[in-house]
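Protein chains in written order, with the working numbering: chain A, 1 to 208; chain B, 209 to 416.
There are 2 protein chains.
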Amino acid sequence: MPRGRVDKRQAILQAAFKTFAREGYGQSCVREIAAEAGVAKPTIYNHLGDKETLFREAMRAAAGRTVGQGLAALDQLRDVQNDVRAGLEDAGHRLLLHHCDEESQALRRLLHAEAARFPELLELIQQESARHLHDALADRLARLALSGLLRTNDPDLAAEQFLALLTGPMELRSRLGTRKVPDAELRAVGRSAVDTFLCAYAPGSVDA
Amino acid sequence: MPRGRVDKRQAILQAAFKTFAREGYGQSCVREIAAEAGVAKPTIYNHLGDKETLFREAMRAAAGRTVGQGLAALDQLRDVQNDVRAGLEDAGHRLLLHHCDEESQALRRLLHAEAARFPELLELIQQESARHLHDALADRLARLALSGLLRTNDPDLAAEQFLALLTGPMELRSRLGTRKVPDAELRAVGRSAVDTFLCAYAPGSVDA
DNA sequence: ACACTTTTGAACCGGACGGTTCATTTATCG
DNA sequence: CGATAAATGAACCGTCCGGTTCAAAAGTGT
Numbered sequence: 001m002p003r004g005r006v007d008k009r010q011a012i013l014q015a016a017f018k019t020f021a022r023e024g025y026g027q028s029c030v031r032e033i034a035a036e037a038g039v040a041k042p043t044i045y046n047h048l049g050d051k052e053t054l055f056r057e058a059m060r061a062a063a064g065r066t067v068g069q070g071l072a073a074l075d076q077l078r079d080v081q082n083d084v085r086a087g088l089e090d091a092g093h094r095l096l097l098h099h100c101d102e103e104s105q106a107l108r109r110l111l112h113a114e115a116a117r118f119p120e121l122l123e124l125i126q127q128e129s130a131r132h133l134h135d136a137l138a139d140r141l142a143r144l145a146l147s148g149l150l151r152t153n154d155p156d157l158a159a160e161q162f163l164a165l166l167t168g169p170m171e172l173r174s175r176l177g178t179r180k181v182p183d184a185e186l187r188a189v190g191r192s193a194v195d196t197f198l199c200a201y202a203p204g205s206v207d208a
Numbered sequence: 209m210p211r212g213r214v215d216k217r218q219a220i221l222q223a224a225f226k227t228f229a230r231e232g233y234g235q236s237c238v239r240e241i242a243a244e245a246g247v248a249k250p251t252i253y254n255h256l257g258d259k260e261t262l263f264r265e266a267m268r269a270a271a272g273r274t275v276g277q278g279l280a281a282l283d284q285l286r287d288v289q290n291d292v293r294a295g296l297e298d299a300g301h302r303l304l305l306h307h308c309d310e311e312s313q314a315l316r317r318l319l320h321a322e323a324a325r326f327p328e329l330l331e332l333i334q335q336e337s338a339r340h341l342h343d344a345l346a347d348r349l350a351r352l353a354l355s356g357l358l359r360t361n362d363p364d365l366a367a368e369q370f371l372a373l374l375t376g377p378m379e380l381r382s383r384l385g386t387r388k389v390p391d392a393e394l395r396a397v398g399r400s401a402v403d404t405f406l407c408a409y410a411p412g413s414v415d416a
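Okay, here's the thing in structure tokens:
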């Protein structure tokens with residue numbers, strides 16, 4: 001058990017998030033977090049003065065860790081030549097993987113559960129994470145629409161509905177995150193989502 | 209302040225749910241619930257022996273209260289003559305109202321937050337509530353398909369996607385339930401959902 | 001080797017909470 | 001009215017938790 005000034009802070013934040021995710025905010029005690037981090041209790045209060053700020057910082061760190069993953073899922077949507085369906089299915093599958101990632105799920109669950117006690121976190125993370133993802137997807141879809149590969153004049157709505165078709169069905173299928181959904185089912189959900197999305201947004205449809 | 213044997217039990221369960229919804233399970237103390245219910249603390253332990261069973265029973269009661277509302281939203285889908293769009297929009301709007309109802313939101317939030325500590329509740333309520341709603345909607349859609357008013361051979365998938373198109377966009381717009389969404393926005397979401405749903409499921413489309 | 005900072009363990013404090021006990025009061029019912 | 005059952009308030013117990021204190025130990029820079 002080494003002592004001294006290693007990156008205790010990061011270990012603390014990581015252990016804190018892990019414990020909060022496992023037990024919830026109110027049921028987690030700082031003793032347990034200290035044990036999980038392999039650190040003495042006063043060390044926690046030295047680095048972060050408070051259980052509340054400990055929670056906030058742990059959440060912010062976890063959000064920062066997970067936000068890149070989500071955006072990365074949209075990268076191969078950038079250079080779709082003509083097979084829109086394949087590109088959307090691939091991006092959809094990656095988004096679903098990100099959505100089912102344990103850390104991502106825990107983050108959403110904690111954010112949802114403690115939204116009343118930490119309203120600032122809600123704005124900060126929700127804006128920084130979900131909103132970024134939404135906007136990035138809307139940008140990609142707008143590009144595809146400009147190229148004539150998609151038909152929409154409201155890429156924001158299109159992004160909203162694509163994400164809904166992807167993540168909506170997961171709540172039920174994963175039983176709110178308590179069941180691990182096999183990859184084949186993920187692919188099937190993604191395929192169905194792309195199917196109906198393209199019915200509405202592929203060039204050559206009937207609806208405005 | 210009347211004493212004696214009135215329906216204390218129901219008052220307790222209602223106050224318990226209200227408090228749990230406001231503070232979360234771990235942060236709620238039985239003293240506060242007793243005060244909220246206008247009842248002495250031992251009375252709670254007489255009727256329900258434990259904080260955990262108090263939580264369980266309060267959740268079950270709230271679920272029972274809210275499940276009927278959800279199913280009722282689908283009633284006018286039973287006798288749609290030919291204007292499928294109007295019927296779906298009406299049902300969608302009612303579903304959104306139910307989804308945004310404070311008790312319904314609190315129930316989902318608590319279920320989601322304490323899913324790890326009360327796994328049985330998750331199965332019980334999720335099955336009894338969301339699953340019922342899903343099945344009922346799938347039934348209605350299957351009837352419409354039989355009448356030739358809809359085109360699908362997988363009404364379960366259609367129901368899943370219709371619900372996703374309705375409730376998915378709400379998570380962002382309501383900021384996880386912390387913002388009250390005006391009715392006009394609800395109607396707009398419902399209209400958009402019906403638009404793309406009908407693009408995929410109206411008779412006379414291209415996709416299989 | 002030296003002074004300086006950080007970490008550690010352990011003990012400690014005040015408060016809150018879950019749950020119980022009990023004597024007293026209140027309503028219900030024959 | 002009298003007996004029975006339920007509700008009350010208040011005190012109580014053991015426990016756990018957030019947060020602090022402190023002296024000793026371990027690491028760091030020169």
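Ideal Cβ positions, reconstructed from N, Cα and C, are used throughout, including at glycine.
Residue interval of the alpha helix (DSSP H) (run including A:K51): In the first sequence, residue 51 of chain A corresponds to position 51, counting from 1. Counting along the chain, the alpha helix (DSSP H) containing A:K51 begins and ends at K51 to A72.
Residues, ordered as in the chain, of the segment 115-143 of chain A that lie near chain B by beta-carbon distance below 8 Å: A115, A116, R117, P119, L122, E123, Q126, A130, R131 and H134
Proximity test, Cβ basis, 8 Å: A:R3 and chain B: Residue mapping note: residue 3 of chain A aligns to position 3 of the first sequence, counting from 1. Only weak support is given to the placement of A:R3: the predicted model assigns it a pLDDT of 45, under 50, and the value that follows is read from those uncertain coordinates. No, A:R3 lies away from the interface with chain B (no Cβ there is under 8 Å from its Cβ).
Simplified DSSP assignment, three categories, for B:C308: To locate residue 308 of chain B, count along the second sequence from 1; it is residue 100. If DSSP states are grouped into helix, strand and coil, B:C308 belongs with the helices.
Beta-carbon spacing of A:G92, A:Q76 below 8 Å: To locate residue 92 of chain A, count along the first sequence from 1; it is residue 92. To locate residue 76 of chain A, count along the first sequence from 1; it is residue 76. No.
Boundaries (first-last residue) of the alpha helix (DSSP H) holding A:T196: Locating residue 196 of chain A in the first sequence gives position 196, counting from the first residue. Unbroken alpha helix (DSSP H) run through A:T196: D183 to Y201.
B:D347 to A:H134 span [Cα, whole Å]: Stepping through the second sequence from its first residue, residue 347 of chain B is reached at position 139. Stepping through the first sequence from its first residue, residue 134 of chain A is reached at position 134. Each residue's Cα considered, the two are about 33 Å apart.
Whole-angstrom C-beta distance between B:L319 and A:L122, which should lie under 8 Å: For the purposes of this step, residue 122 of chain A is taken as residue 122 along the first sequence, with counting starting at 1. For the purposes of this step, residue 319 of chain B is taken as residue 111 along the second sequence, with counting starting at 1. Not confirmed; about 19 Å, so no contact.
Reference B:L349; option with closest CA among B:E336, B:R239 and B:L371: Mapped onto the second sequence, residue 349 of chain B falls at position 141. Of B:E336, B:R239 and B:L371, the residue nearest in Cα terms is B:L371.
Reduced DSSP secondary structure (H/G/I, E/B, other) of B:K226: Against the second sequence, residue 226 of chain B aligns to sequence position 18. DSSP places B:K226 in helix when its eight states are reduced to three.
Reduced DSSP category for B:G212 - H, G, I as helix; E, B as strand; rest coil: As a working note, residue 212 of chain B is residue 4 in the second sequence. Interpretation of B:G212 is limited by its pLDDT of 44, a score under 50 that renders its predicted location unreliable; no figure is taken from the coordinates.
CA nearest to the CA of A:V80, picked from A:A188, A:T167, A:L146 and A:V181: Numbered from its first residue, the first sequence carries residue 80 of chain A at position 80. The option with the nearest alpha carbon to A:V80 is A:L146.
Whole-number beta carbon distance between A:G49 and A:A113, since they are thought to touch under 8 Å: Mapped onto the first sequence, residue 113 of chain A falls at position 113. Mapped onto the first sequence, residue 49 of chain A falls at position 49. Actually they are not in contact, since the Cβ atoms of A:A113 and A:G49 sit about 23 Å apart, beyond 8 Å.
Contact belief for B:G246 with B:A219 at Cβ below 8 Å, rounded distance in angstroms: Residue mapping note: residue 246 of chain B aligns to position 38 of the second sequence, counting from 1. Residue mapping note: residue 219 of chain B aligns to position 11 of the second sequence, counting from 1. Confirmed, Cβ separation roughly 7 Å.
Selected residue, minimal CA-CA separation from B:M469, among B:A344, B:R264 and B:Q313: Residue 469 of chain B lies beyond the range of chain B shown here (209 to 416); nothing can be said about it.
8 Å Cβ cutoff, A:P155 in contact with chain B: Start at 1 with the first residue of the first sequence, and residue 155 of chain A comes out as number 155. Not one chain B Cβ lies under 8 Å of A:P155.
Neighbour flag for B:C407 against chain A, beta carbons, 8 Å: Residue numbering aside, residue 407 of chain B sits at position 199 when the second sequence is read from its first letter. Taking Cβ atoms only, chain A reaches closer than 8 Å to B:C407, which makes this a yes.
Counted within 10 angstroms of its Cβ, other Cβ atoms place A:G168 as buried (16 or more) or exposed: By 1-based counting over the first sequence, the position of residue 168 of chain A is 168. The residue in question, A:G168, is buried, as its Cβ has 16 or more Cβ neighbours within 10 Å.
Contacting positions in the segment 232-260 of chain B - beta carbon closer than 8 Å to chain A: G232, Y233, G234 and Q235
Other residues of its chain near A:A193: CB distance less than 8 Å, five sequence neighbours each side excluded: The residue you call residue 193 of chain A lines up with position 193 of the first sequence. Within the same chain, A:A193 has close Cβ partners G92, F162, L165, L166 and P169.
C-alpha gap between A:G4 and A:A40, whole angstroms: In the first sequence, residue 4 of chain A corresponds to position 4, counting from 1. In the first sequence, residue 40 of chain A corresponds to position 40, counting from 1. In this predicted model, A:G4 has a pLDDT of only 45, less than 50, meaning its place in the structure is not dependable enough to derive any value.
Neighbourhood of B:V204 by C-beta distance below 8 Å, restricted to the same chain and skipping five residues each side: A query on residue 204 of chain B cannot be resolved here, the shown segment of chain B reaching from 209 to 416 and no further.
Within 9 Å of chain B by C-beta, residues of the segment 174-188 of chain A in sequence order: R175, L176, G177 and T178
Members of the segment 283-308 of chain B near chain A, C-beta cut-off 8 Å: none
Chain-ordered chain A contacts of B:R317 [CB-CB under 7 Å]: Here the question's residue 317 of chain B lines up with position 109 in the second sequence. Here the neighbours are H112 and A113.
Within 8 Å, strictly: CB atoms of B:E297 and B:G398: Here residue 297 of chain B is taken as the residue at index 89 of the second sequence, counted from 1. Here residue 398 of chain B is taken as the residue at index 190 of the second sequence, counted from 1. Against a cut-off of 8 Å, the Cβ pair of B:G398 and B:E297 comes out as a contact.
Short-range partners of chain B found in the segment 155-170 of chain A, where Cβ spacing is below 7 Å: L157, E160, Q161, L163, A164, L165, T167, G168 and P169
Chain-order list of residues whose beta-carbon lies under 8 Å from that of A:T43 (same chain, five-residue window excluded): Taking the first residue of the first sequence as 1, we reach residue 43 of chain A at position 43. Once the five neighbours on either side are set aside, the close Cβ partners of A:T43 are K8, I12 and A34.
B:A271 and B:E336 closer than 8 Å at C-beta: By one-based count along the second sequence, residue 271 of chain B stands at place 63. By one-based count along the second sequence, residue 336 of chain B stands at place 128. Yes, the Cβ-Cβ distance between B:A271 and B:E336 is below 8 Å.
Where A:K167 falls: helix, strand or coil (DSSP): As a working mapping, residue 167 of chain A is identified with position 167 in the first sequence. With the sequence shown as reference, residue 167 of chain A is identified as Thr, and Lys is not the correct amino acid for it. A:T167 falls in the helix class under three-state DSSP.
For B:K249, the first and last residue of its enclosing alpha helix (DSSP H): By 1-based counting over the second sequence, the position of residue 249 of chain B is 41. K249 to H255 is the extent of the alpha helix (DSSP H) around B:K249.
Whole-angstrom C-beta distance between B:V389 and B:R395, which should lie under 8 Å: Numbered from 1 along the second sequence, position 187 holds the residue referred to as residue 395 of chain B. Numbered from 1 along the second sequence, position 181 holds the residue referred to as residue 389 of chain B. That pair is no contact at about 10 Å.
Cβ shell of B:A323 (< 7 Å), same chain only, five flanking positions each side left out: Residue numbering aside, residue 323 of chain B sits at position 115 when the second sequence is read from its first letter. Excluding sequence neighbours, B:A323 sits near L330.
Straight-line gap, A:M59 to A:F17 (C-alpha atoms, nearest Å): Mapped onto the first sequence, residue 59 of chain A falls at position 59. Mapped onto the first sequence, residue 17 of chain A falls at position 17. In a straight line, the C-alpha of A:M59 is about 7 Å away from that of A:F17.
Local conformation of B:D291 per DSSP, three classes: Position 83 of the second sequence holds residue 291 of chain B. The answer is coil: DSSP assigns B:D291 none of H, G, I, E or B.
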